[in-house]
Amino acid sequence: MARILLIDDDDALLDVLALSFEDAGHEVLTAPDGTRGLARIHAEAPQLVVSDVNMPGIDGFTLCRRLREADVQIPVILLTSRDSEIDEALGLELGADDYVAKPFSTRVLMARVAALLRRQTARAGQESAARHVGDLSVDADRLEVRWRDLELTLTVTEFRMVEALSIRPGVVFSRGQLLRAIRDDDSVVVERIIDTYVRRLRRNFETLDPAFDRIETIVGAGYRWRDG
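Have a look at this one:
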């Protein structure tokens, strides 16, 4: 089980979520706002953060942005009463791993958390066996991606996207196929959110190689990892 930090200014919701996660065997930390949440992240190193978006002071979007700017790659799930695709895209652009709109099912949130924790945990005690696709190296044991021997800083979900695209170079993946590859539950999510992940990935690769062009858009079909 994992140490999970819950951040929300709604005391009643915070209590309900804390009880659910404790019942599932997790160690639970809580914070009533982003300022204190950020302090607990740096002081106590939780393995995953679930944070509300609409909070006084440091909101969820700002919290996520500050973590990524500080190169803290802990998985983050954002909770919000907003349900627009634009807000969801903004959260993911800032480096969130997932996004759940209120009202939500606690079961779905728990499934999202479990999926991220599974992806985050490297298989301890096994020899690393990185997979190479041209200049790309994908190490599932270490959740590590390298491009021309330079390591990229990716969230867990972004790693899963690279893994999905590169496992079959040249093959076109629809948005729905990619969405199923990076998520482990059956909740309904707008498939266009994949475009946000792709934009982030391209920018990450371009920080290492401005000429990077291996993730191709196939109009009307989806995306593929260009082979060679």
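The opening residue of the sequence shown carries number 11 in my numbering; numbering runs sequentially from there.
Using N, Cα and C, we set each Cβ at its ideal position, and we do this for glycine too.
Quick caveat, the model's predicted, so the values are computed rather than measured.
Coil, strand or helix - residue i by DSSP
i    : result
T163 : coil
D20  : coil
L102 : helix
L29  : helix
L89  : strand
V82  : coil
L126 : helix
For residue j and residue i, the rounded distance between their alpha carbons
i    : j    : result
S147 : E154 : 8 Å
F71  : T227 : 28 Å
L29  : R190 : 29 Å
A49  : D19  : 15 Å
D149 : W157 : 12 Å
L16  : T40  : 5 Å
D25  : I84  : 23 Å
R78  : L104 : 8 Å
Check whether residue i and residue j have beta carbons under 7 Å apart
i    : j    : result
G35  : L73  : no
W235 : S176 : yes
V59  : V86  : yes
T163 : I192 : no
P42  : R13  : no
V63  : L88  : yes
Residue of the options minimising C-alpha distance to residue i
i    : options          : result
G144 : R117, T165, R178 : R178
Problem set entry | Uninterrupted beta strand (DSSP E) stretches inside the segment 176–233 (no shorter than 3 residues) | 225–228
Exercise. Mind pulling the alpha helix (DSSP H) runs of 4 or more residues that sit fully within the segment 36–80?
Worked result: 44–54, 70–79
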